[in-house]
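Below is one structure, written out as structure tokens; the observations come after it.
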Amino acid sequence: MSNKNVFMSFAMNDCGMAVSIEHVDRGAACACFCPRCQEPVVAKQGDVRVWHFSHASGADCAGAGESALHLAAKQLLLTKRELVFPSIAVTRKAINQKSGTVHIGHASHPKKRVSFDQVYLEQALGLIIPDVICDTPEDRYLIEIAVTHFVDEGKMALIKGLNYGAVEITINIDLREHWSWEELEEEVINNTSNKSWLHYPKKAELEVEACTQAKALADAEQIPEPILMLPSKMSAPQTKLSWRGVHVWITEYDFGLVAWSSYNPEINKILKRCGGKWQPKYRNWLLPKWVKNHLVEELAAT
Numbered sequence: 000m001s002n003k004n005v006f007m008s009f010a011m012n013d014c015g016m017a018v019s020i021e022h023v024d025r026g027a028a029c030a031c032f033c034p035r036c037q038e039p040v041v042a043k044q045g046d047v048r049v050w051h052f053s054h055a056s057g058a059d060c061a062g063a064g065e066s067a068l069h070l071a072a073k074q075l076l077l078t079k080r081e082l083v084f085p086s087i088a089v090t091r092k093a094i095n096q097k098s099g100t101v102h103i104g105h106a107s108h109p110k111k112r113v114s115f116d117q118v119y120l121e122q123a124l125g126l127i128i129p130d131v132i133c134d135t136p137e138d139r140y141l142i143e144i145a146v147t148h149f150v151d152e153g154k155m156a157l158i159k160g161l162n163y164g165a166v167e168i169t170i171n172i173d174l175r176e177h178w179s180w181e182e183l184e185e186e187v188i189n190n191t192s193n194k195s196w197l198h199y200p201k202k203a204e205l206e207v208e209a210c211t212q213a214k215a216l217a218d219a220e221q222i223p224e225p226i227l228m229l230p231s232k233m234s235a236p237q238t239k240l241s242w243r244g245v246h247v248w249i250t251e252y253d254f255g256l257v258a259w260s261s262y263n264p265e266i267n268k269i270l271k272r273c274g275g276k277w278q279p280k281y282r283n284w285l286l287p288k289w290v291k292n293h294l295v296e297e298l299a300a301t
């Protein structure tokens, strides 16, 4: 927040109510006071400088403009009896244990305009004095106005202990030199970008909703079945030999050699001599694996 001096666009009349520089008589006839130091102020409504209140004594009352804005903002809530509350959103995570994928669940309540039956300013509530207390038939809300001072951790803890909805409204004094009631109303009542929840009583419900959604997404994740890659089928090594123009194929398997050729009595004798056994079912010869070299020699030698 800026530390520059703020023109006093509002002052306090003799009834303790905030009044605008635009709605009072000029000079000392305004009959107004500084809301910070309670000293008389005059209404300066010239043609050169921005209209503003100034201390009649000429005193430099630091923070007078901020105090005036604070008072006027509270009074707006008292007279308008409504506020647009900001939205609130929570996210929660759930992990699919099989895939390790993180899924995000979301839950939120949108911004909402709320009208109040009763509004109280600066009334003690337990150990704290909220700026504004606003009641509806169903709920109670605490409103804090931040111009230069924000809710500290101690007050925040006490607010949470009361478990009422609580919002802080920040008025940025750098927005303009002069504030009218209309401009202040837009900032305090209608704007939500400058509001934040100090405590939201139903946040636990949103968290449950977000967790439930995240878990549902994790449980619904389609995980493809792993594809088992089987080793490719290797063809058995095969050797092609020739005996007097007759081809003989010898195939090697783990269990032994398989030989085949067109019927020939002489080739059959060689195969049998090398330990071969005729297999009628498969119409081939089965030989021990270790006789391959010997069989090759036999076929080549004859």
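In this text, residue positions in the sequence shown follow numbering that gives the first Met the number 0: the first is 0, and each later residue adds one. Each residue gets a CB set at the ideal place from its N, CA and C atoms; glycine is no exception.
Next on the checklist: Can you look up Gly39 in the DSSP assignment and give me helix, strand or coil?
Outcome noted: Position check: residue 39 holds Pro in this sequence, whereas Gly was assumed. Pro39 falls in the strand class under three-state DSSP.
Item to check | 8 Å Cβ shell around Lys92 - same chain, five flanking residues per side excluded | outcome: Val101, His102, Ile103, Gly104, Ala213
Item to check | For Asn292, the three-state DSSP class (helix, strand or coil) | outcome: helix
Next on the checklist: DSSP has Lys92 in a bridge; who is on the other side?
Outcome noted: Beta-bridge partners assigned by DSSP to Lys92: Ile103.
Next on the checklist: For a minimum of 4 consecutive residues, which ranges assigned as the alpha helix (DSSP H) are wholly contained in the stretch 120 to 188?
Outcome noted: 152 to 161, 180 to 184
Next on the checklist: Can you tell me whether Ile222 is buried or exposed? The criterion is at least 16 other CB atoms within 10 Å of its CB, across all chains shown.
Outcome noted: exposed
Checklist entry - Do Cys60 and Cys33 come within 8 Å of each other at the CB atom, strictly closer than that value? => result yes
Item to check | Alpha carbon of Ala63 to alpha carbon of Tyr119, nearest angstrom | outcome: 23 Å
Checklist entry - Are the stretch 124 to 132 and the stretch 71 to 82 in contact at 8 Å, needing three or more beta carbon pairs? => result yes
Item to check | Sequence ranges, beta strand (DSSP E) only - wholly within the stretch 244 to 298, length at least 3 | outcome: 245 to 252, 255 to 260, 276 to 278, 283 to 286
Item to check | Contact check, His51 vs Lys43, beta carbons under 8 Å | outcome: yes
Checklist entry - Hey, how far is the Cα of Val113 from the Cα of Gly99? => result 43 Å
Item to check | Nearest neighbour of Ala123, chosen from Glu137, His148, Thr147, Ile158 [CA to CA] | outcome: Ile158
Next on the checklist: What would DSSP say about Gln322, mapped onto helix, strand or coil?
Outcome noted: Here the chain has residues from 0 to 301 only, and residue 322 is not among them.
Checklist entry - So, do the stretch 195 to 208 and the stretch 146 to 162 have three or more beta carbon pairs nearer to each other than 8 Å? => result yes
Checklist entry - Going by C-alpha distance, which of Lys271, Trp248, Leu183, Ile168 is nearest Ser305? => result The chain is shown only over 0 to 301; residue 305 falls outside these bounds and no answer can be derived.
Checklist entry - Taking Cβ to Cβ, would you say Phe9 is nearer than 8 Å to Val18? => result In this structure, Phe9 sits near Val18, with a CB-CB distance shorter than 8 Å.
Item to check | Residue closest to Arg282, alpha-carbon to alpha-carbon, out of Val166, Val187, Trp259 | outcome: Trp259
Next on the checklist: So if DSSP puts Met11 in a beta bridge, which residue, or which two residues, is it bridged to?
Outcome noted: Ala17, Phe32
Checklist entry - Could you give the distance in angstroms between the alpha-carbon of Arg139 and the alpha-carbon of Arg48? => result 43 Å
Next on the checklist: The alpha helix (DSSP H) that contains Val207, what's its start and end?
Outcome noted: Val207 -> alpha helix (DSSP H) spans 202 to 219.
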